[in-house]
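Student: Sharing a structure below in structure tokens format, with a few things to ask.
There are 2 protein chains.
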Amino acid sequence: MFSCFWLIFLVQSSVAKVIQLKWEVEYKHWSPDCIESVVMAINGTFPGPTIEATAGDTVNITLTNHLHTEGVVIHWHGITQKGTPWADGTASISQCAINAGETFVYSFTVEKAGTFFYHGHYGMQRSAGLYGSLIVHEAEPHRQPFKYDGEFNLLLSDWWHQNVHRQEVDLSGVPLVFIGEPQSLLINGKGQYNCSIAAHFDESKNVCNFTEKEQCKPEILQVKPNKKYRIRLASTTALASLNFMIQGHKLEVVEADGNYVKPFLVDDLDIYSGESYSVLLNTNQGPPSGNYWISIGIRGRKPGKPPTPPALAILNYYPMTPVSKHPSSAPPVHPVWDNYTHSKLFSNSIKALTGPKSYLNYKPPPLKQDRRIVLLNTQNYINNYTKWTINNISLTLPSTPYLGAIKYGIDNAFTQQSPPDHYNSPNYNINYPPPRDTNAIHSNAVYKLPSNKVIDVVLQNANMLTEGHSEIHPWHLHGHDFWVLGYGEGKFSDANETLFNTVDPPLRNTVVVYPYGWTALRFEADNPGVWAFHCHIEPHLHMGMGVIFAEAVEEIKKMKVNKEALVCGLTGKMFMNSHRD
Amino acid sequence: MFSCFWLIFLVQSSVAKVIQLKWEVEYKHWSPDCIESVVMAINGTFPGPTIEATAGDTVNITLTNHLHTEGVVIHWHGITQKGTPWADGTASISQCAINAGETFVYSFTVEKAGTFFYHGHYGMQRSAGLYGSLIVHEAEPHRQPFKYDGEFNLLLSDWWHQNVHRQEVDLSGVPLVFIGEPQSLLINGKGQYNCSIAAHFDESKNVCNFTEKEQCKPEILQVKPNKKYRIRLASTTALASLNFMIQGHKLEVVEADGNYVKPFLVDDLDIYSGESYSVLLNTNQGPPSGNYWISIGIRGRKPGKPPTPPALAILNYYPMTPVSKHPSSAPPVHPVWDNYTHSKLFSNSIKALTGPKSYLNYKPPPLKQDRRIVLLNTQNYINNYTKWTINNISLTLPSTPYLGAIKYGIDNAFTQQSPPDHYNSPNYNINYPPPRDTNAIHSNAVYKLPSNKVIDVVLQNANMLTEGHSEIHPWHLHGHDFWVLGYGEGKFSDANETLFNTVDPPLRNTVVVYPYGWTALRFEADNPGVWAFHCHIEPHLHMGMGVIFAEAVEEIKKMKVNKEALVCGLTGKMFMNSHRD
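Residue numbers (the UniProt record's numbering), protein chains in the order written: chain A, 1 to 581; chain B, 1 to 581.
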């Protein structure tokens, strides 16, 4: 028996390790786009440190909050948190915000390889710069189903000069003051607002003069000819949908949200907030030297005045080409912002990688759902406040995290009545602004999903309050990947089921719903916990654009959770009342 | 026995009532000085609502925090909180910050009449506008020892256009970025930045055109001739020391910090952050008509560029004079900012009102102290950070409030070693910047004051880091009034005791220490609790300029406290561990 114990120990230790990290979150002066501002830094850096792990590893992050008066949490985007729903890092949902001055330990297993990231999930702290990359490599003997000679990691974001506290107030007021388009786009936290590294192709721009320490100095990806590189992309933008391209190079898409996809070639690719991709770059596509533009530009939103310039980086063929040499032509031009046909073509090109080449044993979805929830995405006025609503409900979060309230049966912590599975007016016209008499309300109600049921969700887009406007919304599900069954135009009806791809739909954790269209997805409720499902656009979530899935409620009650996540609100009071002086 | 109970009940209910207030704290767009900004509002107004109570009343405030990610507390400045130290409203000291979304009930008795105020005491939330007035009237049959026909209340503050979150970061960085002088001074939350109501006397200024709803429209105090008015003044400035004057009118000082003083006449009076006064205005001092300037200007700090203009209000003799009529001459000129002789004369003029006319039964101080603590006020570098230090210690607050840590004996919640009662170098030269080898440290250590001992504190001012500079610091003590024994120049020695006024020193809760001088005060440690004693200049406290008195520790352990104040940090964990799933 003694030797048996050692055997198990040795086997486990050879495949999985425990990664111990100590993080300090604080505000720090920083110049993400060459303009001094304040960011939420982790261990003094922006973006936060990249976590590199191997599938099966346990990651322990001891996080200390050094903010002045604010709580903080960090969400591990794309990690399913099986068995650790308390570690999902969503304030008011999975845990209490970590108070200023306090320390909390996140501990979770990264089950599978892929390109992930982490970010704040309290107020609009993600917009304040609280984010970083989380890369999980395949564990031996597994390997990804493609080969490459080197890899790069690009975390994409957008940036405003207005501080986030003011943005929160502006978005919460009457009348709503919108945050506007970002001043800059950032690649690995770096952009240029008042100058351009491509100024020699555009006389209206100032040339950037970087000193060695410059925080806004662009990324340079150094490659050798005739190699294959994996470029990991993840978007943690607050608002912007992005298009990514590398001048003169086609890219092969091989991964989406930590799931392998059937490889396909593109000239450029769209990436929405909350999504990640891996693309392979073959450096055999031209002369074995030169510098090329890497560019991200905005999709799906009409450019502001002035328009947000693309963020640029450099692909450098070394050692043949000095980094200082200008690319031979102007930066590439991204597709026009409202060319949705282009975007939809890309979305529809993504199929799961199936068959023996996949080490993930991709499993197609169950052919039938047990329940279908249709979620109407609109804006509404509630008491004159402008809110996003889902089936006429604008999500407000309770002060007691759902997870603790459900575990301990504290029913008065949130509304017990369920929100509706469908928008209640069958005659609702998605092509027009919502009528003023929709009786939209604020609510913290949750969808209770029974254990192991197959759930379909149809995101139904519609006209917002302004006539002739419907926006892109990338929806992100916590605790799960889901199968993307399909996209469609107009109003969804059950007859559209025939359009569903049930053969090789890709698994994702984030999916876009296009203007005036619908998107259908499916997942199995096999992960007990309380999971947010929401538009990943930060101001939209702030304005109520999300729902909550309480999954396998009876199992949550029996689960062991880290009670330190729950010392606040009514769970805090329950603990307090257990103490006898 | 039954009738006896009723007798007591009736007597009590005839003199004291319970005031129930429901407050919501939120950020709100506001234009305190005609420039749109964001304030911390209470129930939608800035400054917060004025509380009016009668001595002996109990005030219950049910406060809900509607901020987005920040905790909040409110301190009741000047209220001694006897028996309710948990209600003092100091984050990390008397309670946990109230989390966003949560509700907390403050409950305390206002023991004596006077002019008080309340304000945020977490981070720099006071600077963000979280303040208001708290007026306590005498309870029958008591009366104040002077008569008046009407009263006005003026709450004085200063205002910056830079948001407070940025100020906090700037003050906490390397190098320190100071907040600079305020853009505006405010009277009852109203100032004018981009215009002047006295523009007809100064061509360089724009005339203000107020609409009816204008939030920055100045106060108008309407008086009738040949009457006496009580004007209550309180300063909750973040930085500015103020001088108050009413053109053409002498003022009679009658109250300071809720204590009656021997009446004396002044042309103008200085008021430091944390102080309050009542002055009597006799409207028999000139013609029975006219409009006169009420003005506050800055003392003790060199004017910035541009200088902060005085805040103005109007004294209007009605019904003889229309409000719209301009005062007949330019606003009065305040004493020069560095005329400390003028300021000291005023400070030394303040004596307690003694004898039978005082209903407060003023008691002179004990003639001898049991312990004397001398606190050296300097700046120091600590790991390159610029900090204010007291006896070489820069105060940092623990994440577990002291009150709970002491009550429950959680020794690891803060440093148990006591800070020093004296600065350790007898040769320290207060006239020069501190040496770089002072080994200044951060600490959360507390002074433990045994029950009912007589404590002297000598505030010793000194040169700050910049040569030739020493600043004014108004120190505020929580939980107590103290006797102001005296002020002196240079370095204090015990021989200076002979200068102490032990006959009629005024009782105060805030006292100033002048540049390169000392101030001595005395109090009895008769109020079990944990009390902050700190410079009331908000950035100075933020930079560590304070100490903590833990008073009657053994009695704290036996006291009943509102445990809801303590559900955080190690007390929160202690409660949590009491709970068995």
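Idealized CB from N, CA, C, for every residue including glycine.
Beta carbons nearer than 7 Å to chain A: which residues of the region 59-74 of chain B have them?
Tutor: The residues in question are His68, Thr69, Glu70, Gly71.
Student: To which residues does DSSP link residue 585 of chain A through a beta bridge?
Tutor: Given a span of 1 to 581 for chain A in the structure shown, any question on residue 585 of chain A remains unanswerable.
Student: Check whether the region 252-265 of chain B and the region 285-301 of chain B touch, using three or more Cβ-Cβ pairs below 8 Å as the test.
Tutor: Not touching, per the Cβ criterion.
Student: If distances are taken between C-alpha atoms only, which option among B:Asp57, B:Asn60, B:Thr64, B:Ile19 comes closest to B:Met40?
Tutor: The residue you call residue 40 of chain B lines up with position 40 of the second sequence. Per the Cα distances, B:Thr64.
Student: Based on the DSSP secondary-structure assignment, which residues constitute the bridge partners of A:Asn316?
Tutor: On the first sequence, residue 316 of chain A is found 316 positions in, with the first residue counted as 1. Paired residue(s): A:Gln222, A:Asn291.
Student: Please work out which residues of its chain come closer than 6 Å, Cβ to Cβ, to A:Leu21, disregarding the five sequence neighbours upstream and downstream, and give them in chain order.
Tutor: For the purposes of this step, residue 21 of chain A is identified with residue 21 of the first sequence, where counting begins at 1. Cβ within range, chain order: Ile61.
Student: Within its chain, find whatever has a CB closer than 8 Å to the CB of B:Met574; leave out the 5 residues flanking it on each side and keep chain order.
Tutor: On the second sequence, residue 574 of chain B is found 574 positions in, with the first residue counted as 1. Within the same chain, B:Met574 has close Cβ partners Tyr408, Ile410.
Student: Kindly indicate which residue of A:Ile35, A:Ile246, A:Ala91, A:Gln81 has the alpha-carbon position closest to the one of A:Gly56.
Tutor: Your numbering for residue 56 of chain A matches position 56 in the first sequence. Ranking A:Ile35, A:Ile246, A:Ala91, A:Gln81 by Cα distance to A:Gly56 puts A:Gln81 first.
Student: Taking a contact to mean a Cβ-Cβ separation below 8 Å, would you say A:His235 touches A:Gly274 in this structure?
Tutor: Here residue 235 of chain A refers to the residue found at position 235 of the first sequence. Here residue 274 of chain A refers to the residue found at position 274 of the first sequence. The identity of residue 235 of chain A in the sequence shown is Ser, whereas the question assumes His. Yes; because the gap between Cβ atoms is below 8 Å, this pair is in contact.
Student: If you measure from the CB of A:Phe108, is any heavy atom of the ligand MG nearer than 7 Å?
Tutor: Ligands in the displayed structure: none, and consequently the ligand MG is not present.
Student: Against chain A, with Cβ distances strictly below 8 Å, would B:His161 count as a contact?
Tutor: The residue given as residue 161 of chain B occupies position 161 in the second sequence. It does not; no Cβ of chain A falls within 8 Å.
Student: Run the CB neighbour count on B:His536, radius 10 Å, all protein chains shown included, and call it buried at 16 or more, exposed below.
Tutor: Taking the second sequence and counting its residues from 1, the one referred to as residue 536 of chain B is at position 536. By the neighbour-count rule (16 or more Cβ atoms within 10 Å), B:His536 is buried.
Student: Going by DSSP, what residues sit across from A:Ala460 in a beta bridge?
Tutor: Translated into the one-based positions of the first sequence, residue 460 of chain A becomes position 460. A small fix is needed here, since residue 460 of chain A is Gln in this sequence, not Ala. Its beta-bridge partners are A:Leu376, A:Trp518.
Student: For B:Ser196, I'd like the list of residues in its chain whose CB is within less than 6 Å of its CB, leaving aside the five on either flank, ordered along the chain.
Tutor: As a working note, residue 196 of chain B is residue 196 in the second sequence. Answer for B:Ser196: Lys205, listed in chain order.
Student: In three-state terms, what does DSSP make of B:Ile556?
Tutor: Numbered from its first residue, the second sequence carries residue 556 of chain B at position 556. In this structure, B:Ile556 counts as helix in the three-state DSSP scheme.
Student: Taking the straight line between their C-alpha atoms, what separation do you get for B:Ala87 and B:Ser107?
Tutor: Taking the first residue of the second sequence as position 1, residue 87 of chain B is located at position 87. Taking the first residue of the second sequence as position 1, residue 107 of chain B is located at position 107. The alpha-carbon atoms of B:Ala87 and B:Ser107 are separated by roughly 6 Å.
Student: Name the two residues that bound the continuous beta strand (DSSP E) containing A:Met245.
Tutor: Start at 1 with the first residue of the first sequence, and residue 245 of chain A comes out as number 245. From DSSP, the beta strand (DSSP E) with A:Met245 extends over 241-246.
Student: Is the beta carbon of A:Ile390 closer than 8 Å to that of A:Tyr516?
Tutor: On the first sequence, residue 516 of chain A is found 516 positions in, with the first residue counted as 1. On the first sequence, residue 390 of chain A is found 390 positions in, with the first residue counted as 1. Not in contact: A:Tyr516 and A:Ile390 (Cβ atoms no closer than 8 Å).
Student: How long is the line joining the alpha carbons of A:Met543 and A:Ser349, rounded to whole angstroms?
Tutor: One-based indexing of the first sequence puts residue 543 of chain A at position 543. One-based indexing of the first sequence puts residue 349 of chain A at position 349. Straight-line Cα distance between these residues: approximately 32 Å.
Student: Measure the alpha-carbon distance for A:Gln183 versus A:Trp160 and round it to whole angstroms.
Tutor: Indexing the first sequence from 1 puts residue 183 of chain A at position 183. Indexing the first sequence from 1 puts residue 160 of chain A at position 160. Each residue's alpha carbon lies about 5 Å from the other.
Student: Does DSSP classify A:Tyr432 as helix, strand or coil?
Tutor: As a first step, residue 432 of chain A must be located in the first sequence, where it is residue number 432. DSSP places A:Tyr432 in coil when its eight states are reduced to three.
Student: Less than 8 Å separating the beta-carbons of B:Phe152 and B:Leu221?
Tutor: As a first step, residue 152 of chain B is located in the second sequence; it is residue number 152 there, counting from the start. As a first step, residue 221 of chain B is located in the second sequence; it is residue number 221 there, counting from the start. Contact flag set, yes.
Student: Who are the Cβ neighbours of A:Thr50 in its own chain at under 7 Å, not counting the five residues just before and after it?
Tutor: Your numbering for residue 50 of chain A matches position 50 in the first sequence. Around A:Thr50: Gly132, Ser133, Ile135, Asn153.
Student: Does DSSP put B:Thr62 in a helix, a strand or coil?
Tutor: Residue numbering aside, residue 62 of chain B sits at position 62 when the second sequence is read from its first letter. If DSSP states are grouped into helix, strand and coil, B:Thr62 belongs with the strands.
Student: Report the three-state DSSP secondary structure of B:Glu168 (helix, strand or coil).
Tutor: For the purposes of this step, residue 168 of chain B is identified with residue 168 of the second sequence, where counting begins at 1. Helix at B:Glu168.
Student: Answer yes or no: do A:Pro364 and A:Asp504 have a C-beta to C-beta separation smaller than 8 Å?
Tutor: Taking the first residue of the first sequence as 1, we reach residue 364 of chain A at position 364. Taking the first residue of the first sequence as 1, we reach residue 504 of chain A at position 504. It is a contact, given that the beta carbons lie within the stated cut-off.
Student: Which residue or residues does DSSP assign as beta-bridge partners of A:Thr109?
Tutor: Within the first sequence, the letter at position 109 stands for residue 109 of chain A. A:Thr58.
Student: Go ahead and label A:Gln95 buried or exposed: buried means 16 or more other beta carbons lie within 10 angstroms of its beta carbon, across all protein chains shown.
Tutor: Here residue 95 of chain A is taken as the residue at index 95 of the first sequence, counted from 1. Buried is the call here.
Student: Would you be able to state if there are at least three C-beta pairs under 8 Å between the region 374-393 of chain A and the region 416-433 of chain A?
Tutor: Yes, the region 416-433 of chain A touches the region 374-393 of chain A.
Student: Mind listing which residues of the UniProt domain "Plastocyanin-like" (419-553) of chain A have their C-beta closer than 7 Å to chain B's C-betas, in chain order?
Tutor: Cβ contacts with chain B: none found.
Student: Who are A:Arg371's beta bridge partners in DSSP?
Tutor: Stepping through the first sequence from its first residue, residue 371 of chain A is reached at position 371. In the DSSP output, where bridge partners are listed per residue, A:Arg371 has A:Ile455.
Student: Considering only the beta carbon of each residue, do A:Lys224 and A:Lys147 sit closer than 8 Å?
Tutor: Within the first sequence, the letter at position 224 stands for residue 224 of chain A. Within the first sequence, the letter at position 147 stands for residue 147 of chain A. Their beta carbons are not under 8 Å apart, which means A:Lys224 does not touch A:Lys147 by this criterion.
Student: On the CB-based measure, 16 or more other CB atoms within 10 Å of its CB, does A:Met320 come out buried or exposed?
Tutor: The sequence position of residue 320 of chain A within the first sequence is 320, counting from 1. It counts as exposed.
Student: Do B:Val561 and B:Leu397 have their C-beta atoms within less than 8 Å of each other?
Tutor: Within the second sequence, the letter at position 561 stands for residue 561 of chain B. Within the second sequence, the letter at position 397 stands for residue 397 of chain B. It is not a contact, given that the beta carbons lie outside the stated cut-off.
Student: Measuring CB atoms only, is the region 563-579 of chain B touching the region 461-469 of chain B, in the sense that at least three cross pairs come out at less than 8 Å?
Tutor: Contact fails: fewer than three Cβ-Cβ distances are below 8 Å.
Student: Shortest alpha-carbon distance to A:Phe264 belongs to which of A:Ala352, A:Trp483, A:Ile179?
Tutor: Reading the first sequence from its first residue, position 264 is the one you call residue 264 of chain A. Per the Cα distances, A:Ala352.
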